[in-house]
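Asks: The sequence shown maps to residues 1 to 234 in the numbering used here.
First the structure, which I've put down as structure tokens, then a few questions once you've had a look.
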Amino acid sequence: MRDGKYKTGLFMIIFCSIVIGLLNIGVLYCFGIPIVGLLVGIIFIWAAKEKLKTKILVTFLPIPIIVGTFLLMIQLNKAEPETFLIPQDFRGKITIFYEESCGEKPIYESGRRIYKFPENGILITNFKRTKGIIDQEFYFVDENGMRTRIPKKDVRDFNFKDRLSKTETEPSRDEIGAFFSWGDAPPIFTGKYNSFVISSYRYFEKPEKESWQIMKDFSEKRKTLLEKCRQSLP
């Protein structure tokens, strides 16, 4: 019959391993309590009157539990994959509004959401906003329907003006990419939208006055289109 130390240690190991797998890096924000609990559980196992083989096996038990829990959480938290189709010659900012009754009906292709953007770069859709680990692909589409993949870019990969630590592996500033648009305020109160910039990094190097005017004009256009869409409902 198992003694109390073994049972207590086994419970602590399993419970704390699951918590660590769920929290991942977030476990550090719990002051490492689950990790401490795991170590205490292992101590209880080694203090129990069990065979050496059993103690060794239980000591390594957290590894598959933590990895398995972590991988399971990734699968459960995956958002529906999204594909953004953008007119071939479009350059500038695009915005997609989600969960609008007046918007485009959902379209799927091989299990992926399909967002077909018009020439103005503003898409209003019925789709619910995605939550979780994103899977986004961007393509230019020509007049014949041929698609060309647009690489995803991040402004933080470049040596911008106020960057404290410079990178020596900066990508080309002239290559076209899809950048997430940080700090983009919605034209009408709604949190159900996303914005991206389809351009080279040169887009972000424009003079402040010019950039401000571009943002203002685009915001007004979005506001007008979204209001018109909503007003079209019976």
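Glycine is no exception: its CB is placed at the ideal position from the N, C-alpha and C atoms.
1) Taking Cβ positions, are I96 and N194 nearer each other than 8 Å?
2) Shorter than 8 Å from the beta carbon of K128 to some beta carbon of chain B?
3) Would you say F158 and Y115 are within 8 Å of each other, going by their C-beta atoms?
4) On the premise that F44 lies in contact with T8, defined as a C-beta separation below 8 Å, what is that separation, rounded to the nearest angstrom?
5) Give me whichever residues DSSP pairs with Q136 in a beta bridge.
6) Who are the Cβ neighbours of K49 in its own chain at under 7 Å, not counting the five residues just before and after it?
7) Taking the straight line between their C-alpha atoms, what separation do you get for I134 and L61?
8) Near Y139, what residues of its chain come up, given a Cβ to Cβ distance below 8 Å and the 5 sequence neighbours on each side ignored?
9) Closest by CA to I198, which one among I122, F11 and K128?
10) Within 10 angstroms of the Cβ of I33, are there 16 or more other Cβ atoms? Answer buried if so, exposed if not.
11) What whole-angstrom Cβ distance do T59 and I42 have, given they're in contact under 8 Å?
12) Is the separation between the beta-carbon of R173 and that of R202 shorter than 8 Å?
13) Name the two residues that bound the continuous alpha helix (DSSP H) containing R230.
14) Applying the 10 Å Cβ sphere with the 16-neighbour rule, what's the burial state of C16?
15) Between R113, G103 and L71, which has its C-alpha nearest L225's C-alpha?
16) Using the Cα positions of G177 and T125, report the straight-line distance between them to the nearest angstrom.
17) So, helix, strand or coil for E109, using DSSP?
18) Hey, would you say A47 sits closer than 8 Å to K78, going by beta carbons?
19) How far does the beta strand (DSSP E) with V155 in it reach, from first residue to last?
20) Please name the residue, chosen from E170, F196, E208 and K53, that lies closest to R91 on a Cα-to-Cα basis.
21) Measuring only the C-alpha atoms, how far is F218 from E227?
Replies: This is what the structure holds:
1) Yes, these two residues count as a Cβ contact at 8 Å.
2) Among the protein chains of the structure shown there is no chain B, as only one such chain exists.
3) no
4) 5 Å
5) E82
6) The residues D3, in chain order, have a CB closer than 7 Å to that of K49 in the same chain once the five nearest residues on each side in sequence are set aside.
7) 31 Å
8) Only residues of its own chain outside the window of five on either side were considered, and among them T83, F84, L85, I86, R147, T148, R149 and I150 have a CB closer than 8 Å to the CB of Y139, listed in chain order.
9) I122
10) exposed
11) 6 Å
12) yes
13) Counting along the chain, the alpha helix (DSSP H) containing R230 begins and ends at E208 to Q231.
14) buried
15) G103
16) 23 Å
17) strand
18) no
19) First-last for V155: undefined, no H or E at that position.
20) F196
21) 14 Å
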